[in-house]
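Trainee: The sequence shown lines up with residues -15 to 124 when you count with the numbering used here.
Handing you this structure, nothing more for now.
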Amino acid sequence: MRFTEHEMTVGVEAVARELFAATRPPWKRQSVVADFESLDKARRYRHKAAAGEVVLPVLTALPDRPTVGATPAFTDEEWREAAEQGSRQVLDFRTEGGWEALGERKRRKLLDGAVALARVAVAAMPLRSDPDALVVPDHL
């Protein structure tokens, strides 16, 4: 699916926050957003880069849905196919043996994680606007 740069940036940042929150001890999870924003730029970049490596291939593999005024909705099967296609592409590029070298259980866990994180990214994206209805603000 074709997402705008802003939509993908918002989605990747939401996933980075989610991953940051998951790695923190339970007693420090109250102020995740404030703690994530207080990280220095290099550490925040590492979280965003890791999130992008997982999420971006899945987002680009999703089927195209022209939704205006709402977030795109996908079936569980479409999520699964996109996660498999994106994860296979990354693993074949990064590891020797690639997708086929993983066992069935590891593949299933990898796909479940990729789907869950991609859903977080899409849910965090702003509502889609109509690309043909260009609205110029009055102050311009």
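Beta carbons: idealized from backbone N, C-alpha and C, even for Gly.
In this text, all values refer to a predicted model and were calculated from it rather than measured experimentally.
I'd like to know whether the C-beta atoms of residue 40 and residue -15 end up nearer to each other than 9 Å.
Mentor: no
Trainee: By the three-class DSSP mapping on this structure, what secondary structure does residue 109 have?
Mentor: coil
Trainee: Is residue 9 helix, strand or coil by DSSP?
Mentor: coil
Trainee: Are residue 190 and residue 3 touching if we call contact CB-CB under 9 Å?
Mentor: The first residue shown for the chain is -15 and the last is 124, placing residue 190 beyond what the model contains.
Trainee: Check whether the region 4 to 18 touches the region 50 to 57, counting contact only when three or more Cβ pairs, one atom from each stretch, lie closer than 8 Å.
Mentor: no
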